[in-house]
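Residue numbers (my numbering): 11 to 243.
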């Protein structure tokens, strides 16, 4: 939550980014299957993804502690991680993150709430310290990056950047493909420079399907849409 202390200080947000071991997190939460992220856009977005950011936030505890000291938190601080209890993956991620953050003195308490409460308090009310959530989109660069525009309804991170807002608006009418690609890559760099969020991972979801059924389609969120599944004779 970029508007709540101490996360309203970019040095603290950067420190949290550097305190996290993304590969270690992926290993513990999804047996290593997936891609670690330092960008607000998944590599699944192809040419729009900025690969120059891949190693931007390698774990660096010494630098993280230095940044915290500069921000006035040499002894760390207490915080909460609010997660929807119905998503075990999110809860497990929060547990690993809380353990990793201890190394730089950040003492995180995990608060589990039901999905309705999360939507009301975190997403709509923006009344939280930190959260763990999976973000979905319509798989267009505009949709992915629009949530970070200052006045966007889905900007529950309370991220605000005049530079980001102006560039996002400039990109929309562009018709030159490369200019749009370059623009969206620059937006990702701005998010990284501001440590707007701790982008963690793009996990791989594996599904085993019996040869006795047909009609199964992969759904883009954790839910399994079985409406079209049928038995093969």
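Every residue, glycine too, gets a C-beta built ideally from N, C-alpha and C. Note that this is a predicted model, so its numbers are computed, not measured.
For residue 123, the enclosing beta strand (DSSP E) starts and ends at 116 to 123.
Ranking 224, 124, 41 by CA distance to the CA of residue 235 puts 224 first. Cβ contact annotation for residue 197 (same chain, cutoff 7 Å, sequence separation greater than five): 155, 174, 177, 178, in chain order. Collapsing the DSSP output to three states places residue 93 in a strand. Note that the C-beta distance between residue 62 and residue 195 is below 9 Å. Proximity to residue 137 across 202, 167, 148, 64 peaks at 167, based on C-alpha coordinates. Our two residues, residue 50 and residue 121, have alpha carbons roughly 25 Å apart in a direct line. DSSP places residue 215 outside any alpha helix (DSSP H), giving it a letter other than H or E. According to the DSSP assignment, residue 44 belongs to the beta strand (DSSP E) that extends over 44 to 46. With contacts defined as CB atoms closer than 9 Å, residue 144 and residue 160 fail to qualify as a contacting pair.
When DSSP states are grouped into helix, strand and coil, residue 86 belongs to the coil group. In this model, residue 81 and residue 140 are separated by some 18 Å (Cα to Cα). Rounded to whole angstroms, the Cβ separation of residue 193 and residue 180 is 7 Å, and the two are in contact under 8 Å.
Judged by DSSP secondary structure, residue 187 falls within the alpha helix (DSSP H) whose first and last residues are 187 to 203. Relative to residue 128, the option among 102, 95, 148, 158 whose CA is nearest is 95. Taking 9 Å as the cut-off, the beta carbon of residue 35 is found no closer than this to the beta carbon of residue 209.
The DSSP-derived three-state label of residue 241 is strand. Taking the C-beta atoms as reference points, residue 114 is found nearer than 9 Å to residue 29. Residue 126 carries a helical assignment under DSSP once its states are collapsed to helix, strand and coil.
For residue 219, the CB contacts under 8 Å within the same chain, skipping 5 residues up- and downstream, are 226 in chain order. Residue 141 is bridged by DSSP to 92.
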